[in-house]
Amino acid sequence: MPIGVAFFVVIFFSWMMVLVEAQFVNQNAKAMAPADIKCSNLAVSKQIFSGYVGDDVYLRESFFSCAKYEEEKVSWWKKIFGISEALAADYSALKLLESDRFLEMRPGESKKFIIGFKNTGSVVWTRDSGPYISIYTYDPKYRTSRFQDSTWKLREQPSKMDQAEVAPGQLGFISWTFHAPSDIEPGWYSETFHLAAEDLLWIPGGQFTIKIFIDGEAVSEPQPVVTEPEPSQNNQTSTVTSSAGYSTKLLLRSHQSVQAKAGQTIEFTAGFKNYGSSIWTNEKISLPDVATASSGLDSFYHSSWQSQTVVKEYSQSIAPGGLGFFKFSFQAPSKAGSYDANFNLMANGVAVPGGNIYIPITVTDDGGAIPPSTTGNTYGDEPIIRIGLYDLEDDLNLTADKSFKVRTSCGNDLGTYPAGSIVVAGYEKSTGQYFFQKASTSYRGSCYLRFEPVSGQNIFELTNYEKRPAWNRAYNDNKFRGIIEVRVSETGYPWVINELPMEDYLKGLAETSNYSPLEFQKALMTAARSYAFHHWENPYK
């Protein structure tokens, strides 16, 4: 037999062997997993320390490896095209956020949806090069969706990832629009999608399903109430729009604080949930009205801003209960030092209560060549939780184990104090004013107070707060990580609030001891994490 023919025969039979293997894997791969476990929805006690992260995603690992399962399902085509088996293990994702639990739509209506995945693999996700990240219709694969919108990239591919790059450990967002056909019947529908690395693989952990409810009746949109112009504090007049029906909370921020070189461009993403009753249709990030030259806010101006005070405008439609993401840029000041950047969210011309974004910034030098990216003292995309410690009836006496700074919600800097310094703060109900006192520094006003670490993490101690456990009165649970805030609630009561990353909040449990059975501790930790995330997603206190 000629050598050329023999070579062709060998290649042909090798190809056939791979196809036979593919058929076997596709028919038997599901049998490798326990019948009662779904790859995208694992819940076992072995990995409770990885954490509960939402209603539909539980723990990141299991006795059965979904990543391995996904590798075996696609191994045949990787072998055919010479793609390394190791690549599948390099890609993995964890769903952390959805803009809505389900979509409620009318026939003929369009709605935007946003989903956030954490990159739990070891490869940087990209949007514009290589095996770019996007989502495809799934179950079955590449089907044509009934809710396809004209803005979709392809009929089976709604959208690419929003960001240009997402490093391992960071959060990537994908946003796209659903359109309900005008002739669709009322009722419930399900749409399944899967995260993919283009021409490479379905990313393990990237499958998700969105429930859609079609309501046959039209829903009227509430309109904001406009009042007569009122004088501002600087005796100028402006049109004031009532904030009734508007409320929000900052649920996600890309940086907790920022360390940057002089003049460096900083890209920031904020996720706000609409807790009001009005639909947001026109939003903008702007500088607060209280900004003055002394606060240094003009030094953050970036060439992408739309004016000296308007950072960026958006045209999202965010219904009550929906989640909106706002990405914008600002520039680090030109001189070394510590700065405060304050921005406000506005919707439909209203400064939305709860829409303040406060960003501490440390500039490390006085100019020079700068790279295009930032480094920061960040918590990545970890959720920030706020805990009401107690309602404040008397003065608050506070100190810390490291230096700390005191600021107001209006951007006033009340000083930086060394470790061990005791400061006094509180709220006077009779005057409706917050107060702060330390040596010659004092403050009285309507802006609430925040006590923050200068860098890294502090342990704040509330020296006149008593909470001693019954099992040992020698201990006093009056020390807290993160940030301390004194603020009046909507009910009119002043509260001491502890703001900190979720994982710091969950480092300890008061309901049990280290001597209780291990499985009991695991179950309690899972319950605590679920409870914390429930209140983070649905804050009503």
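Converting from the sequence shown to the working numbering requires adding 12 to each position, the first position being numbered 1. All C-beta atoms, glycine included, are put in the ideal place defined by N, C-alpha and C.
By the criterion of at least three beta-carbon pairs nearer than 8 Å, the segment 117–137 is not in contact with the segment 348–367.
Rounded to the nearest whole angstrom, the CA to CA distance from Ala348 to Tyr370 is 19 Å.
Look at Arg265 here: in three-state DSSP terms it is strand. Here the segment 182–190 lies against the segment 122–129, with 3 or more beta-carbon pairs under 8 Å apart.
Approximately 5 Å separates the beta-carbon atoms of Thr149 and Ser157; this is inside 8 Å, confirming the contact. Inter-segment contact for the segment 164–175 and the segment 137–154 is present: three or more beta-carbon pairs are separated by less than 8 Å. Bridge partners of Val435 according to DSSP: Leu410. Taking a cut-off of 8 Å on C-beta distances, the segment 109–117 touches the segment 326–345, as three or more cross pairs fall below it.
Spanning the alpha carbons of Gln219 and Val178 requires a straight line of approximately 18 Å.
For Met173, there is no enclosing beta strand (DSSP E), as DSSP gives it neither H nor E.
Counting C-beta atoms within 10 angstroms of its own C-beta, Gln268 has 16 or more neighbours from the protein chains shown and is therefore classed as buried. Under the DSSP assignment, Tyr517 falls in the alpha helix (DSSP H) whose first and last residues are 514–517. Taking C-alpha positions only, Glu515 is separated from Ala540 by approximately 11 Å. Contact annotation: Ile226 and Leu115 have beta-carbon atoms that are not nearer than 7 Å. Short of 7 Å from the beta carbon of Leu404, and not among the five residues preceding or following it, lie these beta carbons of its own chain, in chain order: Gly438, Tyr439, Val498, Pro506, Trp507, Val508. For Glu405, the secondary structure class from DSSP, reduced to helix, strand or coil, is coil.
Leu426 and Leu213 have their C-alpha atoms some 53 Å from each other. Within the segment 445–495, the runs of beta strand (DSSP E) that reach at least 3 residues and sit entirely inside it are, in chain order, 445–450, 453–457, 461–465, 471–474, 491–493. According to the DSSP assignment, Trp214 belongs to the beta strand (DSSP E) that extends over 213–226.
Excluding residues up to 5 positions away in sequence, Trp292, Glu295 lie with their Cβ nearer than 6 Å to the Cβ of Ala359 in the same chain. Using a Cβ distance threshold of 7 Å, Asn488 and Ala412 do not count as a contacting pair.
Distance between Tyr287 and Lys491, taken at the CA atoms: about 31 Å.
Around the beta-carbon of Gly520, fewer than 16 other beta-carbon atoms lie within 10 Å, marking it exposed.
Collapsing the DSSP output to three states places Phe545 in a helix. Residue pairing from DSSP places Ala208 in a beta bridge opposite Ser146, Trp214.
In the structure shown, the three-state DSSP call for Glu523 is coil. Annotation: Lys347 is outside any beta strand (DSSP E) and is labelled neither H nor E by DSSP.
DSSP places Ile291 outside any beta strand (DSSP E), giving it a letter other than H or E. The three-state secondary structure of Ala282, taken from DSSP, is strand.
Under the DSSP assignment, Asn368 falls in the beta strand (DSSP E) whose first and last residues are 362–375.
Secondary structure note for Asp425: its beta strand (DSSP E) is the uninterrupted segment 425–429. In the DSSP assignment, Glu168 falls outside any beta strand (DSSP E) and carries neither an H nor an E. Selection Lys441, Ser433, Thr443 evaluated against Gln449 yields Ser433 as nearest (Cα-Cα). The DSSP-derived three-state label of Leu299 is coil. Distance from the CA of Trp317 to the CA of Ser341, rounded to the nearest whole angstrom, comes to 8 Å.
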